[in-house]
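Going line by line, the protein sequences match chains A and B. Those letters in the first sequence? Residues 0 to 205, by numbering that gives the first Met the number 0. Those letters in the second sequence? Residues 0 to 217, by numbering that gives the first Met the number 0. C-beta atoms are modelled at their ideal positions from N, C-alpha and C, and glycine is treated no differently. As structure tokens, the structure follows; a few thoughts come after it.
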Amino acid sequence: MGLRLTHVAVARGGVPVLSGVSFSLADGKALILRGPNGSGKTTLLRTIAGLQPALSGHIEGAADTVAYAGHADGLKAMLTVAENLTFWAAVYGHHDIEPALKAYTLGPLRDRLTGTLSAGQKRRAGLARLMVTGRPIWVLDEPTVSLDADAVGLFANAVRNHLGAGGMALLATHIDLGLSDALVLDVTPLRAQASEMHGASDEAFL
Amino acid sequence: MIALLIRDLRLAFRAGGGFGLGLAFFLILVVLVPFSVGPQSALLSSIAPGVLWLGALLACLLSLDRLLALDFEDGTLDVLATAPLPLEAALAVKGLAHWITTGLPLVLAAPFLGVLLNLPPEGFVWLVVSLLLGTPALSMIGAFGAALTVGIKRGGLLMSLLVLPLYVPTLIFGAEAARRGAVGMAVDTPLLLLAGISLGSVALLPFAAAAALRMTIR
């Protein structure tokens, strides 16, 4: 188990953004990615989640183990919170959504249409989706956007419980979640050099 | 897979889901044709199979825009691509959901609208059979077109241009089967070719659509 990256280079829109990314993540550990806007955090997370191929390098342990949460929540506005979560649980082969509802105190909102929720409530429902996947590695891109202080606390607790149960978490975030023993990786020094730009196009038809 | 099908159907039937869009378009088109052609019942009955097939095809095309675009915008496709369900299966299910919400109502409505166009009595059975065999191909080809253009803002025009030539064989054989049925000729050949197109589309296009989608979401 665990996740290991060796000399991974990633590109966005044909332009390499990061190169030489190497780290390993053991069970029960969290890694926080830091770096300014546009430094390639999202691209790296999408590559690890398998949504795009890496330019070079190896990623081990990410196949069928990653639950990805990006900027969009993947929730349908015209379905209720419970219907959304039940759907995602079924896709991942699970049924029980109660722990997820409880962890994010979504009980009172379970029968509300997701489209009528506030941005923060919607975000909480989106994060609850990670719990129903049953996947060991959570890959989270700016998970705390539009969450208030209480909800950030709920989220930090959920991550801690997940780590305590042997899971892993990979977060790109700017705020301090109070995960005391989390590793921190600053991606700023890993920016790809201009000389690596040649022949890096990922256009499918060129 | 069943969960995805149920979710797509539920979304289609909820407010703003787009169920009935294709059906309403089909209804409007077919109701207006007799007014524009004029009161010539012989002419109407000879063009009826072609008009009904063209209307069904355009109604299908109209609703393709929403097939994947909404899931792309709210991030559902990103999550589906990382889920244990293969993307090929997900797209086959989305094609099936599109057929149930768009193709099947067209098939069921066609005989009633055939009356308006003075379709000869012996043509009704073959019209329904040809639509039943042909509309799955329309949905699956449409899912492929939607997967190719989902990443493009306002990709509907491009999708229509890509999909229309692929629809032509289905239209030719479908309308031909319905026309032959209406005038009492043998319908085996166009129906078999139509069934072949549908089976081929359903078998192969989910893979093509999944490959196209993997490129567009990265």
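Cα-Cα separation between A/L184 and A/A118, rounded to whole angstroms: Position 185 of the first sequence, counted from the first residue, corresponds to residue 184 of chain A. Position 119 of the first sequence, counted from the first residue, corresponds to residue 118 of chain A. Roughly 29 Å separates the two Cα atoms.
Top-ranked residue by Cα proximity to A/A71, from A/G12, A/L105 and A/R45: Indexing the first sequence from 1 puts residue 71 of chain A at position 72. Out of A/G12, A/L105 and A/R45, A/R45 has the C-alpha closest to the C-alpha of A/A71.
Cβ distance (whole Å) where A/Y103 is taken to contact A/A68 below 8 Å: As a first step, residue 103 of chain A must be located in the first sequence, where it is residue number 104. As a first step, residue 68 of chain A must be located in the first sequence, where it is residue number 69. Actually they are not in contact, since the Cβ atoms of A/Y103 and A/A68 sit about 13 Å apart, beyond 8 Å.
Residues that A/E59 bridges to, as DSSP identifies them: The residue labelled residue 59 of chain A in the question sits at position 60 within the first sequence. Among the bridge pairs identified by DSSP, A/E59 is matched with A/R3.
For A/I31, the first and last residue of its enclosing beta strand (DSSP E): For the purposes of this step, residue 31 of chain A is taken as residue 32 along the first sequence, with counting starting at 1. Note, A/I31: beta strand (DSSP E), A29 to R33.
Euclidean distance between Cα positions of A/D95 and A/A88: Residue mapping note: residue 95 of chain A aligns to position 96 of the first sequence, counting from 1. Residue mapping note: residue 88 of chain A aligns to position 89 of the first sequence, counting from 1. Rounded to the nearest angstrom, the two C-alpha atoms are 7 Å apart.
DSSP state of A/D185 mapped onto helix, strand, coil: Position 186 of the first sequence, counted from the start, is the residue given in the question as residue 185 of chain A. Here A/D185 carries a strand assignment [DSSP, helix/strand/coil].
Residue interval of the alpha helix (DSSP H) (run including B/P205): Walking along the second sequence from the start, residue 205 of chain B turns up at place 206. Per DSSP, the unbroken alpha helix (DSSP H) holding B/P205 starts and ends at D187 to I216.
Rounded straight-line distance, which links the Cα of B/L198 to that of B/A58: Working through the second sequence from its first residue, we reach residue 58 of chain B at position 59. Working through the second sequence from its first residue, we reach residue 198 of chain B at position 199. The straight-line gap from Cα to Cα measures roughly 21 Å.
Span of the beta strand (DSSP E), counted from its first residue to its last, around A/V138: Stepping through the first sequence from its first residue, residue 138 of chain A is reached at position 139. Element bounds for A/V138: I136 to D140.
Buried or exposed (CB count within 10 angstroms, at least 16 for buried), A/K121: One-based indexing of the first sequence puts residue 121 of chain A at position 122. It counts as buried.
Reference B/G173, options B/L56, B/T81, B/R9 and B/Q39, closest by Cα: Position 174 of the second sequence, counted from the start, is the residue given in the question as residue 173 of chain B. The shortest C-alpha separation from B/G173 is found at B/L56.
Beta carbon proximity, B/V78 to chain A, threshold 9 Å: Your numbering for residue 78 of chain B matches position 79 in the second sequence. At a cut-off of 9 Å between C-beta atoms, B/V78 counts as an interface residue with respect to chain A.
Test: B/A146 CB closer than 9 Å to a CB of chain A: Within the second sequence, numbered from 1, the residue matching residue 146 of chain B stands at position 147. Closer than 9 Å: no.
Closer than 9 Å at the beta carbon, the chain A residues around B/G74: Indexing the second sequence from 1 puts residue 74 of chain B at position 75. The contacting residues are A68, G69, H70, A71, D72, G73, L74 and G125.
Assigned secondary structure, B/G49 (DSSP; H/G/I helix, E/B strand, else coil): Counting from 1 along the second sequence, the entry for residue 49 of chain B is found at position 50. Looking at B/G49 - three-state DSSP - the assignment turns out to be helix.
Identity of the residue in B/A142, B/W98, B/P119 and B/L28 nearest B/L42 by Cα: Taking the first residue of the second sequence as 1, we reach residue 42 of chain B at position 43. If we check each option's Cα against that of B/L42, B/P119 comes out closest.
Supposed close pair A/L4, A/G56 - CB separation, criterion 8 Å: The count along the first sequence starts at 1 and reaches residue 4 of chain A at position 5. The count along the first sequence starts at 1 and reaches residue 56 of chain A at position 57. Contact holds; Cβ gap of about 7 Å.
Simplified DSSP state of B/F18, which is helix, strand or coil: Here residue 18 of chain B refers to the residue found at position 19 when the second sequence is read from its first residue. The answer is coil: DSSP assigns B/F18 none of H, G, I, E or B.
From B/L156, B/S62 and B/T215, residue whose alpha carbon lies closest to that of B/A23: Working through the second sequence from its first residue, we reach residue 23 of chain B at position 24. B/A23 has its Cα closest to that of B/S62, out of B/L156, B/S62 and B/T215.
Neighbour flag for B/I151 against chain A, beta carbons, 9 Å: Residue 151 of chain B sits at position 152 when you count from the first residue of the second sequence. Taking Cβ atoms only, chain A never reaches closer than 9 Å to B/I151, which makes this a no.
Cβ contact (3+ pairs, closer than 8 Å) linking the segment 29 to 39 of chain A and the segment 159 to 176 of chain A: With the rule of 3 Cβ pairs closer than 8 Å, the segment 29 to 39 of chain A counts as touching the segment 159 to 176 of chain A.
Alpha carbon of B/R213 to alpha carbon of B/A177, nearest angstrom: As a first step, residue 213 of chain B must be located in the second sequence, where it is residue number 214. As a first step, residue 177 of chain B must be located in the second sequence, where it is residue number 178. Rounded to the nearest angstrom, the gap between the Cα atoms of B/R213 and B/A177 is 38 Å.
Touching by the beta-carbon criterion (3+ pairs, under 8 Å), the segment 133 to 150 of chain A and the segment 108 to 116 of chain A: No, they do not touch.
A/A289 and A/R123 closer than 9 Å at C-beta: Limits of chain A in this structure are 0 at one end and 205 at the other, which puts residue 289 of chain A out of reach.
Cβ-Cβ distance between B/T100 and A/A66 below 9 Å: Taking the second sequence and counting its residues from 1, one reaches residue 100 of chain B at position 101. Taking the first sequence and counting its residues from 1, one reaches residue 66 of chain A at position 67. Cβ atoms of B/T100 and A/A66: not closer than 9 Å.
Sequence ranges, alpha helix (DSSP H) only - wholly within the segment 82 to 129 of chain A, length at least 4: Counting only unbroken stretches of 4 or more residues, the alpha helix (DSSP H) elements lying wholly within the segment 82 to 129 of chain A are 97 to 102, in sequence order.
Residues bridged to A/L170 [DSSP beta-bridge criterion]: Residue 170 of chain A sits at position 171 when you count from the first residue of the first sequence. Under DSSP, A/L170 shares a beta bridge with A/I31 and A/L139.
Cβ pair B/G180, B/V128 closer than 9 Å: As a working note, residue 180 of chain B is residue 181 in the second sequence. As a working note, residue 128 of chain B is residue 129 in the second sequence. B/G180 places its beta carbon less than 9 Å from that of B/V128.
Check whether B/F143 and B/L204 have beta carbons under 9 Å apart: Residue 143 of chain B sits at position 144 when you count from the first residue of the second sequence. Residue 204 of chain B sits at position 205 when you count from the first residue of the second sequence. The Cβ-Cβ distance between B/F143 and B/L204 falls below 9 Å.
N-terminal and C-terminal residue of the alpha helix (DSSP H) that A/L24 is part of: Position 25 of the first sequence, counted from the first residue, corresponds to residue 24 of chain A. Where A/L24 is concerned, there is no enclosing alpha helix (DSSP H), although the beta strand (DSSP E) it sits in stretches over V14 to L24.
Whole-angstrom distance between B/A47 and B/S35, CA atom to CA atom: In the second sequence, the residue the question calls residue 35 of chain B occupies position 36. In the second sequence, the residue the question calls residue 47 of chain B occupies position 48. So the two alpha carbons sit approximately 13 Å from each other.
Pairwise C-alpha distance: B/F71 and A/V158: As a first step, residue 158 of chain A is located in the first sequence; it is residue number 159 there, counting from the start. As a first step, residue 71 of chain B is located in the second sequence; it is residue number 72 there, counting from the start. Each residue's alpha carbon lies about 27 Å from the other.
Per DSSP, cross-strand counterpart(s) of A/R11: The residue you call residue 11 of chain A lines up with position 12 of the first sequence. BP columns for A/R11 point to A/V14.
Local Cβ density within 10 Å of A/E59, reported as buried at 16 or more and exposed below that: Sequence index remark: in the first sequence, residue 59 of chain A carries index 60 (1-based). Sixteen is the threshold: since fewer than 16 other Cβ atoms of the shown chains lie within 10 Å of the Cβ of A/E59, the residue is exposed.
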